[in-house]
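Numbering (UniProt numbering), first residue to last: 1 to 306. Note that CB positions come from ideal geometry on N, CA and C, so glycine has one too. All values reported here derive from a predicted model rather than from experimental measurement.
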């Protein structure tokens with residue numbers, strides 16, 4: 001399978017992925033998708049295992065900015081340039097200011113109607129002996145906060161930290177994550193860096209380690225977690241319906257998830273604000289805000305028995 005071949009690959013930015021988009025064409029045909037909601041809901045009512053792949057568009061409806069939007073800057077830097085191990089090594093204070101800002105936004109955000117529709121549907125299907133998995137590129141935990149139980153976080157989690165000394169990974173929802181970051185992270189381009197000493201940045205408290213902590217997210221240029229990708233592959237191999245929700249599908253290997261499902265004849269339905277280059281490869285496309293289209297798509301079908 002394609003995903004198994006990519007477990008050693010790294011997360012790549014859209015600029016690095018242009019030549020790889022051709023791989024999508026090798027996976028699926030170019031059938032024209034339709035937007036017949038009644039037909040989709042009939043297919044949905046018969047599916048036994050549904051995989052939902054979500055991206056930044058779902059969380060944008062909760063007020064969180066996206067990395068790849070035209071406004072994807074923090075102060076004077078592109079957010080993608082801050083999300084690298086190299087930048088963290090050069091300037092851990094700046095990167096932690098950025099992630100503190102991002103964490104605080106996520107902590108204050110509330111799940112969107114799309115998040116809630118997914119969680120409510122998962123709970124309903126479980127009572128029917130059916131199942132649903134959320135495979136998300138988002139790191140904000142909003143799916144879990146909405147109530148989703150079966151969530152695979154491909155790009156890590158903003159509210160986990162990893163120690164650079166001992167490797168310990170731990171949940172961390174502190175606000176602020178350390179005293180030195182209190183009131184820091186203002187995204188205004190006129191704002192100066194706080195230049196926080198490394199000793200005052202988040203530190204590991206596991207067994208007196210005191211090593212420097214970093215966000216436990218996958219940065220550009222880093223290898224994705226092979227254990228998570230193995231779980232993703234199993235779910236995609238088992239699903240009989242796939243929904244692609246709020247994602248531009250340009251970052252690899254996540255860009256290959258839905259096309260891989262479609263390549264074996266499984267229906268794929270895309271819910272997005274606008275069509276994308278890969279849209280023609282899916283059976284269904286529903287244009288508009290996910291918070292508007294998804295609740296209708298996932299609402300209880302008249303044939304369902306609970």
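Measure the alpha-carbon distance for residue i versus residue j and round it to whole angstroms.
i	j	result
residue 227	residue 96	27 angstroms
residue 197	residue 43	57 angstroms
residue 167	residue 179	22 angstroms
residue 298	residue 289	14 angstroms
residue 209	residue 169	13 angstroms
residue 29	residue 258	Per-residue confidence for residue 29 stands at a pLDDT of 47, beneath the threshold of 50, marking its modelled position as unreliable; the derived number appears in the next sentence. Distance between the alpha carbons of residue 29 and residue 258: 13 angstroms.
residue 164	residue 99	16 angstroms
residue 149	residue 238	18 angstroms
residue 287	residue 246	10 angstroms
residue 293	residue 39	14 angstroms
residue 133	residue 282	19 angstroms
residue 200	residue 175	15 angstroms
residue 244	residue 207	43 angstroms
Mind checking residue i: buried by the 16 CB within 10 Å criterion, or exposed?
i	result
residue 267	buried
residue 195	exposed
residue 123	exposed
residue 81	exposed
residue 184	buried
residue 61	buried
residue 128	exposed
residue 316	Look at the range of the chain in this structure, 1 to 306, and you will see that residue 316 is not part of it.
residue 26	Annotation note: pLDDT 47 at residue 26 (below 50); position unreliable, no value reported.
residue 296	exposed
residue 249	buried
residue 285	buried
residue 230	exposed
residue 215	buried
residue 223	exposed
Suppose the cutoff is 6 angstroms on Cβ atoms and the five residues either side in sequence are ignored; what does the same chain contact list for residue i look like?
i	result
residue 173	159
residue 126	none
residue 74	98 and 187
residue 47	240 and 241
residue 21	Residue placement at residue 21 is flagged as unreliable, the pLDDT there being 46, under the threshold of 50; the coordinate-derived value follows with that caveat. Counting only Cβ-Cβ distances below 6 angstroms, and skipping sequence neighbours, we find nothing.
residue 121	298
residue 202	177, 178 and 213
residue 103	158
residue 162	169, 214 and 216
Looking at the strands, I want to know which residues DSSP matches up with residue i.
i	result
residue 170	161
residue 151	134
residue 270	244 and 285
residue 156	217
residue 212	203
Report all residues from its chain with a CB closer than 8 angstroms to the CB of residue i; omit the five preceding and five following residues, and keep chain order.
i	result
residue 78	72
residue 141	106, 157, 158 and 159
residue 219	11, 83, 84, 85 and 88
Please return the same chain residues whose Cβ sits closer than 7 angstroms to the Cβ of residue i, not counting the five positions on each side in sequence.
i	result
residue 59	138, 140 and 142
residue 145	111
Give, in chain order, every unbroken run of the beta strand (DSSP E) that is at least 3 residues long and sits entirely within the segment 236 to 262. 241 to 245
May I have a chain-ordered list of the beta strand (DSSP E) segments no shorter than 3 residues that lie completely inside the segment 28 to 104? 49 to 54
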